[in-house]
Amino acid sequence: MKNNNQHINDDLLMAYLLGEADNKQINDVEIWLSLSEENSNYLNELEKVWLETENLNPKPVVVDVDKAWSRVEAKIFKGKEVELRTKKHTILWYSYRVAAILIITFGIFGLYRLFNSNNEIKLLASTDEVLVDTLSDGSIISLNVYSSIIYPEVFENEQRNVKLSGEAFFEIAKNTEQPFIIDANGGFIQVVGTKFNVEANSNENLIKVYVEEGIVKLYNILPSSTDTISVLLTKGEKGIINKKSGKPEKLQNSEENSNDLYWKYKVLNFNSTKLSDVAKTLENIFDVKIEISENEKNLPLTATFEGDSINQILEVIKITFNLEISENNKKFKINAIEN
Amino acid sequence: METQAINKSQLFDRQSYEQLFRLHYSELCSYAVNFMEDLDDAEEVVQEVFVKFWENKDEINISSSARAYLFRSVRNASLNKKKHIKIREEYKEHNEREIDSNFVDLENILDASELEMRIRTAIDKLPTERRKIFIMSRYDELKYQEIANKLNISIKTVENQMGSALKFLRKELIEYITIFILLLMKF
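Keeping their order, the protein sequence lines are chains A and B. Heads up: the first sequence is residues 0 to 338, going by numbering that gives the first Met the number 0. Heads up: the second sequence is residues 0 to 186, going by numbering that gives the first Met the number 0.
Encoded structure:
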């Protein structure tokens, strides 16, 4: 393109055509146009092309043809079981929850291994009882109710890979050569040798991890940039992986603590904990409702309960603070004794 | 456009098939998106059609052009897939009525001029970012600032990409556009 003004380029001409140019720019372009017929012809040509592109129906979409071809090519010529979609969840996933978890898990992880070795794939699934199992490397897994975990008989590779759905507590045998990696379907948790709890429920948006001992890494690979983002948690820390954004985060000021592991140890610890917070914890664990009158909400409780029922715990609270507790069908009311 | 019957032996070697794929993939996806709404679903349908086409090549008897066959296959595959996804009867009926009214006329597409095909090919040749920006401006009718906001880039970048896009398109198309206009002038 010939022009006498150095700064008149296609960017400027397009902006002019589309009404995006400011007054100075408009002025510059119009002066340039008036300088020679060649200039105005050039602009006309740009405009013609712009107008011609209007008539495309259906309108173009942005697709990656190379990627698409490599998928189709693989399916046709290499006969691999290649997934044509990159989306993580298919429609089936949402309709047939548990079956889908097992099928998809086997499809991605188990079947591949099955075809490649004599190494058996094991599935541990709990219903209404906590299950405990020891893996071939000595790691101990406690599965909370209605959870499942899939793992190979023998950990053959550079990593120890398992896949979790639900909640489990892990005591991982230390092996620095072979990191232990949990696929929580939405994020990954990696450790070398530690004790920690993972909540990976398929119907929830967050994967929650609580570390009792050692160091745990939460990470995810972002599909858009293929960057890996990770967060390290140590003893007493809690972290989450947000399934929607894919981002792992450490939770600051998490008010909960070892009581998260109540399901495993049946131990509750309160250390000057406000009665209202105690009630929240009890509500969650025992599936009850507790109402506390205003003046009693901030009473600090220091006590340890081991294997006690909700009634026993409330009895202790009643005596400690000299309160009245009434019950109506799993709804408890706590208030001061009327004088 | 492309009214010769397919010479099967020509079409079904790997190289030619890849060329066929690259030539039509983008416009088939544009078409499928009318049915599937979601671009990922549309791409999946089109890819499956290409796989099936290859797999059934010995049984298929095609008298029209490959392009026409592919478009019709994509339409059928899309409608089939929609049936499996939407379960409720009323929704299905409602949906079919909607498809008919929004419908991009298949016959118009199959009648597409050579110029239109060249325009599509030229747009497909643009590098991804540039193509995305061009499509947002031309077809989504977004202003530069809106594009910049959506893609988290500067307006300067949008200006620059649009300038480069048109520069490229002009080079690819001006010959055909001029001829087209000359032809018009003759009559």
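No residue lacks a Cβ here, since even glycine has one placed at the ideal position from N, Cα and C.
Residue-level contact to chain B via CB, residue i, 8 Å cutoff
i	result
residue 74 of chain A	yes
residue 27 of chain A	no
residue 246 of chain A	no
residue 8 of chain A	yes
residue 226 of chain A	no
residue 55 of chain A	yes
residue 58 of chain A	yes
residue 63 of chain A	yes
residue 102 of chain A	Confidence is the limiting factor: at residue 102 of chain A the pLDDT is only 47, short of 50, which leaves the residue's position unreliable, though a coordinate-based value still follows. By this cut-off, residue 102 of chain A is not an interface position.
residue 68 of chain A	yes
residue 305 of chain A	no
residue 167 of chain A	no
residue 302 of chain A	no
residue 198 of chain A	no
residue 233 of chain A	no
Residue closest to residue i, alpha-carbon to alpha-carbon, out of the options
i	options	result
residue 176 of chain B	A:51, A:9 and A:306	A:51
residue 16 of chain B	B:51, B:39, B:134 and B:166	B:51
residue 69 of chain B	B:80, B:39, B:105 and B:38	B:105
residue 7 of chain A	A:19, A:32 and A:18	A:32
residue 58 of chain A	B:153, B:146, B:150 and B:120	B:120
residue 110 of chain B	B:67, B:144, B:145 and B:129	B:67
residue 67 of chain A	B:24, B:55, B:81 and B:36	B:24
residue 190 of chain B	B:140, B:163 and B:141	Outside the displayed span of chain B (0 to 186) sits residue 190 of chain B, for which this structure offers no information.
residue 336 of chain A	A:310, A:294 and A:307	A:294
residue 285 of chain A	A:307, A:127 and A:139	A:307
residue 14 of chain A	A:40, A:49 and A:36	A:49
Under 8 Å between C-beta atoms of residue i and residue j
i	j	result
residue 157 of chain A	residue 177 of chain A	yes
residue 187 of chain A	residue 143 of chain A	no
residue 16 of chain A	residue 46 of chain A	yes
residue 168 of chain A	residue 260 of chain A	yes
residue 305 of chain A	residue 265 of chain A	yes
residue 161 of chain A	residue 262 of chain A	no
residue 239 of chain A	residue 207 of chain A	yes
residue 28 of chain B	residue 71 of chain A	no
residue 166 of chain A	residue 202 of chain A	no
residue 132 of chain A	residue 172 of chain A	no
residue 34 of chain B	residue 81 of chain B	yes
residue 249 of chain A	residue 230 of chain A	yes
residue 312 of chain A	residue 281 of chain A	yes
residue 137 of chain B	residue 160 of chain B	no
residue 24 of chain A	residue 11 of chain A	yes
residue 210 of chain A	residue 234 of chain A	yes
residue 339 of chain A	residue 39 of chain B	Residue 339 of chain A falls outside the range modelled here, since chain A spans only 0 to 338, and no answer is possible.
residue 141 of chain A	residue 122 of chain A	no
residue 270 of chain A	residue 258 of chain A	no
residue 166 of chain B	residue 27 of chain A	no
residue 181 of chain A	residue 163 of chain A	yes
residue 21 of chain B	residue 76 of chain A	no
residue 157 of chain B	residue 173 of chain B	no
residue 153 of chain A	residue 175 of chain A	no
residue 44 of chain B	residue 65 of chain B	no
residue 150 of chain A	residue 125 of chain A	no
CB contact check: residue i to chain A, cutoff 8 Å
i	result
residue 120 of chain B	no
residue 152 of chain B	no
residue 138 of chain B	yes
residue 50 of chain B	yes
residue 127 of chain B	yes
residue 19 of chain B	no
residue 168 of chain B	yes
residue 123 of chain B	yes
residue 145 of chain B	no
residue 188 of chain B	What is shown of chain B runs 0 to 186, which leaves residue 188 of chain B out entirely.
residue 109 of chain B	no
residue 158 of chain B	yes
residue 131 of chain B	yes
residue 116 of chain B	no
residue 14 of chain B	no
residue 165 of chain B	yes
* Asked: Would you say the region 287-302 of chain A touches the region 316-323 of chain A, given that touching needs at least three Cβ pairs under 8 Å?
  -> yes
* Asked: Which residues, in order along the region 26-48 of chain A, keep a beta-carbon less than 9 Å from a beta-carbon of chain B?
  -> 41, 44, 45, 47 and 48
* Asked: What residues in the region 23-42 of chain B have a beta carbon less than 7 Å from any beta carbon of chain A?
  -> 24, 25, 28, 29, 30, 32, 33, 38, 39 and 42
* To do: Answer yes if the region 326-338 of chain A comes into contact with the region 278-298 of chain A, meaning at least three C-beta pairs across the two stretches below 8 Å, and no otherwise.
  => yes
* Inspect the CB distances between the region 143-151 of chain B and the region 108-124 of chain B and report whether three or more fall short of 8 Å. => no
* Between the region 268-296 of chain A and chain B, which residues of the former have CB atoms less than 9 Å from a CB of the latter, in chain order? -> none
* May I ask you to list, following chain order, the residues of the region 64-82 of chain B that have a beta carbon less than 7 Å from some beta carbon of chain A? => none
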